[in-house]
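J.: Would you mind keeping the following structure in view while I ask a few things?
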Amino acid sequence: MIAIISYRGRESSRFTPLTHLGPHRLRAFRGRYDLFGEAEYSEGDLLIDSVYRFKGQSAPCVIFTEIDFDTLDELATRKLFVGATRATMKVIFVASTRTAPLLQPLT
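All residue numbers for the sequence shown refer to this note's numbering, where the first residue is 89 and numbers rise by one.
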């Protein structure tokens, strides 16, 4: 499974309103829970979620996207750590042009 994890929260992610990414259907949290308290997801090939919701989960491949900040402070570092450690095989970072230079020393 490939997971597309947004650095932003679900409400501010540009991916939240999407149902497809190219030809691939997105498996996304529907914003509600079943009678057993389990999150309900739409059917899809690629999982899309926020770094907040994906905490504690993992996937073989994680595309960690919408990474955007001015300063590599403690909060940014913690979110990057959570997102990066969700991948069991491969992680890909997609960052803004202002943030990419801040990540260079970490690679």
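The C-beta atom is built at its ideal place from N, Cα and C for all residues, glycine as well.
Are L109 and L135 close, meaning C-beta to C-beta below 8 Å?
T.: Taking the sequence shown and counting its residues from 1, one reaches residue 109 at position 21. Taking the sequence shown and counting its residues from 1, one reaches residue 135 at position 47. L135 is positioned such that its CB atom lies no closer than 8 Å to that of L109.
J.: Who are the Cβ neighbours of K167 in its own chain at under 7 Å, not counting the five residues just before and after it?
T.: Mapped onto the sequence shown, residue 167 falls at position 79. Same-chain partners within the cutoff: Y95 and V139.
J.: In terms of alpha-carbon separation, which member of F169, R98, A183 and H112 lies closest to G144?
T.: If you number the sequence shown from 1, residue 144 lands on position 56. When each option's Cα is compared against that of G144, the closest is F169.
J.: Please work out which residues of its chain come closer than 7 Å, Cβ to Cβ, to L191, disregarding the five sequence neighbours upstream and downstream, and give them in chain order.
T.: Residue numbering aside, residue 191 sits at position 103 when the sequence shown is read from its first letter. Correct list, in chain order: F181 and A183.
J.: Short of 6 Å in beta carbon distance, which residues of its chain neighbour A172, apart from the five on each side in sequence? Order them along the chain.
T.: Within the sequence shown, numbered from 1, the residue matching residue 172 stands at position 84. Excluding five sequence positions before and after A172, the CB atoms of its chain that fall closer than 6 Å to its own CB belong to V179, given in chain order.
J.: Assign K143 to one of three DSSP states: helix, strand, or coil.
T.: Here residue 143 corresponds to residue number 55 of the sequence shown, with the count starting at 1. Residue state, collapsed to three classes: coil.
J.: From G119, A188 and G132, pick the residue whose C-alpha is nearest to that of F152; which is it?
T.: In the sequence shown, residue 152 corresponds to position 64, counting from 1. When only C-alpha atoms are compared, the closest one is A188.
J.: My assumption, with CB atoms under 8 Å, is that R186 sits in contact with D161. Please give the rounded CB distance.
T.: Residue numbering aside, residue 186 sits at position 98 when the sequence shown is read from its first letter. Residue numbering aside, residue 161 sits at position 73 when the sequence shown is read from its first letter. Contact flag wrong, Cβ pair sits at about 14 Å.
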